[in-house]
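*Asks:* One structure coming up, written as structure tokens, with questions to follow.
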Amino acid sequence: MKNFVVGIDLGSRAVKGTLIDTSKKKLVARSFADAGTNPKCVAESIYSDLLEKARITKCDVGFVTTTGYGRYSPDFSDKIATEITCHALGVKTLIPDVKTIIDIGGQDSKAIFLDDHGQIKDFIMNDRCAAGTGRFFEVVSKILETDSHGIAELAMKAGNQTEISSMCVVFAESEVIGLLAKDTPREDIAAEFMLQLQEELQV
Amino acid sequence: MIYKNFKDKHPEKVDLNEFSRIHREIPDEIKKGFTALKGTTEEYSYMASPACFSELEGDTRLSSLKFDNSLASIRLWSMLLSEEQRLHKSRKAGKRIIGAMKDLGTIPVIAYAHPEIISFYPDGAWWIPCVMEMNAGLLKIADGAGLGEEYCPARVALSAFLNRAHFPMPELLIGAVGSCCDDFSAVMSRISRTDMKVSWWELPYRRETDSKINTTELSTGIRVENHLIDFVEEQFKTIIQEIKNHLGLEITDEMLTESIKNANRLRKSLANIRDMAYGITPAPLPSLEAQICEMFALHYCSDMEEGIDVIEFVEQMVIDRVENNIGILPEDNAKILWVNPVADLRIMNIFEDLGGRVAGSEYLFSHSLTQIPEDTHPTKALAMIALCDPMIGSSRYRAKLICDEIEKYDSEGVLISDIPGASHCATEGHIIKEEVQKRFDIPVLNITIPPLADSSLGQLSTRISAFIEIIKARREK
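First to last, the protein sequences are chains A and B.
Under this note's numbering, the residue at position 50 of the first sequence is numbered 50, and the numbers go up by one with no gaps.
Under this note's numbering, the residue at position 408 of the second sequence is numbered 611, and the numbers go up by one with no gaps.
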């Protein structure tokens, strides 16, 4: 019996994979890697890693879905779908009460609105600016010498309010460097960044 | 379709190499038979034009497009791509050239009424970047002349008048001003400061009314006060007089009546093509070729007689495919109504590759596809059609036209492709979406074409893909 299904998201910044045992409705393995310059190869190694972690072979896998920016690259997909559809299906299945999904992707952010049946009613995407994207998150996290998890923890410890006036990735980077030069605490900068990000994503 | 022993291959979309190969296979006898400027000293076969498939190849976006592989499609593309050459040959043949600006589809009906006059749209120069990779040149000239990115791509018309490297300079320009596109009014204003002779006419804002007193119902079902029709009719009479004064050529009512009949012949053929291309499954004609066909309604691609023949030839090919139940796209492609013309032709191909098909359109000139009344005075009939222009009234009227199309072609979604810099796109997209979703439970997607950079094509594809996925998921629901 081919009880296992695989989902691989070939994002612009990272490739993520999951392997589910459908007979037990259980996530049995997951894998993650930077997208690098050859997402197809990365996806193949993610697939291999998933199989290895679950101690199964390709023969045990009944279905593979790929999504994300590089969704067309792998030649082992049974189905190709956009991340918008995948998000909606995932939320509908796991947390059906949720009606709005915000995806801060590597190169674009999306807001997806679901109807009462979990079907996509509408969606919007940024298309011409990195403000409010995961890439922006990475840039600011790096200057603050942390990562995308650490920046949230830093923000929680903020003591004072500061100001970042631009959400343009290039200008904001200069501004954060300027604030650090003035000895503004990293925590305050992180908190302001999170507030600005929230503003940017408001729909 | 079989034409003089040349049989079309099974319908499919092919790249430029294959398209050119099929072109080479077409017997010379056929190519020589498709001629423009008939009956003049400059009659020539545009099918043999090297400009279409060889000279331009290295410098155009054609190499990134996919084409319908029929003879009719090759003839259509050849006619389209050879327009500038034809305009120059028309001048040599002694034809008088009128440039029509901004009215989209009415002034050419007047101009072609006289056998010595041809008419074209310098506005159409905005299409030049659509097929040229080196498009930055024309846009840069417009930028340098003060019309930058805040204006729509139609600003390249100004560039073409400044560098004079494209179409021949017309002897008379006839520009519509008033309620139509303010971007292009600015372009026309700048052109008028060159040495071009420009005649202006006013296209007033269309105020619709429900009253039946002193009003007339137009072809698209709306009513306007009679004085509005009278005003536009007077404008056309003035234009006819201007043509006489400036070119010394008189256009009589009889000539105009005949020209209206010709326009209606083309429009009838286009209506038939649209009904088949947008309404029949499997789709018998790709969206790109269907859009090009629609554009022939504007000015016959600078040769009325041949322009009509080209479209009727496409119509025959489409009928043939429909009768044989042969389509060019998968049957389950999502049926989507397309709003606004596409300035980056690749997007139409991408849209179909991702699982879409055009089922209805509103490319800003639907009045040019409407039959002109033949039972009234010709200038009045033209005035009535000019007042159906989707760009001179409320956005809600445009939304109504779109809703009528949705109903007609059973569209499953609406895709609004905004044109960067075009001021009407800034507001009307929301109104159209609101009005469409009041009447139909279908999704609406807004995108901007051309994208700011080729690097945005991936994001654009994701949007279109997701939109098509939503439509297909709704079928299952």
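Ideal placement from N, C-alpha and C gives every residue a C-beta, glycine not left out.
Just so it is clear, the structure is predicted and the values come from calculations on it, not from any experiment.
Check whether chain C comes within 8 Å of residue 623/B, counting only Cβ atoms and requiring the distance to be less than that.
*Replies:* The question asks about chain C, but that chain is absent: this structure's protein chains are A and B.
*Asks:* Closer than 8 Å is the cut-off here; do at least three beta carbon pairs connect the segment 437–445 of chain B with the segment 474–492 of chain B?
*Replies:* The segment 437–445 of chain B is not in contact with the segment 474–492 of chain B.
*Asks:* Could you tell me which residues DSSP pairs with residue 303/B in its beta bridges?
*Replies:* As a working note, residue 303/B is residue 100 in the second sequence. In the DSSP output, where bridge partners are listed per residue, residue 303/B has 377/B.
*Asks:* So with Cβ pairs under 8 Å, would you call residue 200/A a contact of chain B?
*Replies:* Position 200 of the first sequence, counted from the first residue, corresponds to residue 200/A. Cβ-Cβ to chain B under 8 Å: no for residue 200/A.
*Asks:* Between which two residues does the alpha helix (DSSP H) holding residue 222/B run?
*Replies:* For the purposes of this step, residue 222/B is taken as the residue at position 19 of the second sequence. Its alpha helix (DSSP H) spans residues 219–228.
*Asks:* Find the residues of chain A that neighbour residue 669/B, judging by a C-beta separation of less than 7 Å, and give them in chain order.
*Replies:* For the purposes of this step, residue 669/B is identified with residue 466 of the second sequence, where counting begins at 1. By Cβ distance, chain A contributes 82, 84, 85, 123.
*Asks:* Following the continuous beta strand (DSSP E) through residue 123/A, name the residue where it begins and the one where it ends.
*Replies:* One-based indexing of the first sequence puts residue 123/A at position 123. Residue 123/A -> beta strand (DSSP E) spans 120–125.
*Asks:* Exposed or buried, what is residue 160/A when buried is set at 16 or more other beta-carbons lying within 10 Å of its beta-carbon?
*Replies:* Numbered from 1 along the first sequence, position 160 holds the residue referred to as residue 160/A. By the 10 Å Cβ count, residue 160/A comes out exposed.
*Asks:* Report, in whole angstroms, the separation of the C-beta atoms of residue 671/B and residue 596/B, which I expect to be a contact under 8 Å.
*Replies:* As a working mapping, residue 671/B is identified with position 468 in the second sequence. As a working mapping, residue 596/B is identified with position 393 in the second sequence. No, residue 671/B and residue 596/B are not in contact; Cβ-Cβ is about 32 Å, not under 8 Å.
*Asks:* Ordered along the chain, which non-local residues of its own chain (more than five positions away) have a Cβ less than 8 Å from that of residue 120/A?
*Replies:* Locating residue 120/A in the first sequence gives position 120, where the first residue counts as 1. 84, 85, 88, 112, 113, 114, listed in sequence order.
*Asks:* Flag residue 510/B as yes if its beta-carbon sits less than 8 Å from any beta-carbon of chain A, otherwise no.
*Replies:* If you number the second sequence from 1, residue 510/B lands on position 307. No, residue 510/B does not count as interfacial toward chain A.
*Asks:* Sort 581/B, 625/B, 608/B by Cα distance to residue 354/B and report the nearest one.
*Replies:* Here residue 354/B refers to the residue found at position 151 when the second sequence is read from its first residue. For residue 354/B, the nearest C-alpha among the options comes from 625/B.
*Asks:* Report yes if the C-beta distance between residue 289/B and residue 239/B is below 8 Å; otherwise report no.
*Replies:* Position 86 of the second sequence holds residue 289/B. Position 36 of the second sequence holds residue 239/B. Yes. Within cutoff.
*Asks:* Quick one: is residue 75/A near chain B, going by C-beta distance under 8 Å?
*Replies:* As a working mapping, residue 75/A is identified with position 75 in the first sequence. Not closer than 8 Å to any Cβ of chain B, the Cβ of residue 75/A fails to qualify, so no.
*Asks:* Alpha helix (DSSP H) containing residue 554/B: first to last residue?
*Replies:* Mapped onto the second sequence, residue 554/B falls at position 351. Start and end: 549–556.
*Asks:* Mapping DSSP to helix, strand and coil, what is residue 33/A?
*Replies:* Here residue 33/A refers to the residue found at position 33 of the first sequence. Three-state DSSP puts residue 33/A in a strand.
*Asks:* Along the beta strand (DSSP E) that carries residue 565/B, what are the first and last residues, could you check?
*Replies:* On the second sequence, residue 565/B is found 362 positions in, with the first residue counted as 1. Residue 565/B -> beta strand (DSSP E) spans 559–565.
*Asks:* Nearest chain B C-beta to residue 147/A closer than 8 Å, yes or no?
*Replies:* Taking the first residue of the first sequence as position 1, residue 147/A is located at position 147. So no, residue 147/A is outside the interface.
*Asks:* Is the Cβ-Cβ distance between residue 501/B and residue 605/B less than 8 Å?
*Replies:* For the purposes of this step, residue 501/B is taken as the residue at position 298 of the second sequence. For the purposes of this step, residue 605/B is taken as the residue at position 402 of the second sequence. Going by C-beta atoms, residue 501/B is not nearer than 8 Å to residue 605/B.
*Asks:* Taking 8 Å as the CB-CB limit, is residue 120/A close to chain B?
*Replies:* The residue given as residue 120/A occupies position 120 in the first sequence. With 8 Å as the cut-off, residue 120/A counts as an interface residue toward chain B.
*Asks:* Let me know the secondary structure DSSP gives residue 17/A once reduced to three states.
*Replies:* What you label residue 17/A is simply residue 17 of the first sequence in a count that begins at 1. Looking at residue 17/A - three-state DSSP - the assignment turns out to be strand.
*Asks:* Kindly indicate the opening and closing residues of the alpha helix (DSSP H) around residue 426/B.
*Replies:* As a working mapping, residue 426/B is identified with position 223 in the second sequence. Here residue 426/B belongs to no alpha helix (DSSP H); instead the beta strand (DSSP E) covers 426–428.
*Asks:* Hey, would you say residue 126/A sits closer than 8 Å to residue 118/A, going by beta carbons?
*Replies:* Mapped onto the first sequence, residue 126/A falls at position 126. Mapped onto the first sequence, residue 118/A falls at position 118. Result no, Cβ atoms of residue 126/A and residue 118/A do not sit closer than 8 Å.
*Asks:* Which residues bound the beta strand (DSSP E) around residue 618/B?
*Replies:* Taking the second sequence and counting its residues from 1, one reaches residue 618/B at position 415. Taken as a continuous stretch (DSSP letters only), the beta strand (DSSP E) holding residue 618/B covers 616–621.
*Asks:* Are any of the Cβ atoms in chain A nearer than 8 Å to that of residue 609/B?
*Replies:* By one-based count along the second sequence, residue 609/B stands at place 406. False, the Cβ-Cβ gap to chain A never drops below 8 Å.
*Asks:* Check each residue of the segment 93–111 of chain A: if its Cβ is closer than 7 Å to any Cβ of chain B, include it; give the result in chain order.
*Replies:* Those would be 108, in chain order.
*Asks:* Let me know the secondary structure DSSP gives residue 6/A once reduced to three states.
*Replies:* Reading the first sequence from its first residue, position 6 is the one you call residue 6/A. Correct three-state label for residue 6/A: strand.
*Asks:* Could you check what DSSP says for residue 435/B in three-state terms: helix, strand or coil?
*Replies:* Taking the second sequence and counting its residues from 1, the one referred to as residue 435/B is at position 232. In the structure shown, residue 435/B sits in a helix (DSSP, three-state: H, G or I).
*Asks:* Under the three-state reduction of DSSP, which class applies to residue 254/B: helix, strand or coil?
*Replies:* Here residue 254/B refers to the residue found at position 51 of the second sequence. In this predicted model, residue 254/B has a pLDDT of only 48, less than 50, meaning its place in the structure is not dependable; the value taken from the coordinates is given anyway. Correct three-state label for residue 254/B: helix.
*Asks:* CA-CA distance, residue 36/A and residue 11/A?
*Replies:* Reading the first sequence from its first residue, position 36 is the one you call residue 36/A. Reading the first sequence from its first residue, position 11 is the one you call residue 11/A. If you take the alpha carbons of residue 36/A and residue 11/A, they lie about 10 Å apart.
*Asks:* For the 8 Å Cβ check, are there 3 or more pairs between the segment 267–287 of chain B and the segment 224–236 of chain B?
*Replies:* Yes, the segment 267–287 of chain B touches the segment 224–236 of chain B.
*Asks:* What's the C-alpha gap between residue 315/B and residue 361/B?
*Replies:* Taking the second sequence and counting its residues from 1, the one referred to as residue 315/B is at position 112. Taking the second sequence and counting its residues from 1, the one referred to as residue 361/B is at position 158. About 24 Å.
*Asks:* Evaluate residue 236/B with the Cβ neighbour count: other Cβ atoms within 10 Å of its Cβ, from every protein chain shown; 16 or more gives buried, anything less gives exposed.
*Replies:* In the second sequence, residue 236/B corresponds to position 33, counting from 1. It is exposed - the Cβ of residue 236/B has fewer than 16 other Cβ atoms within 10 Å.
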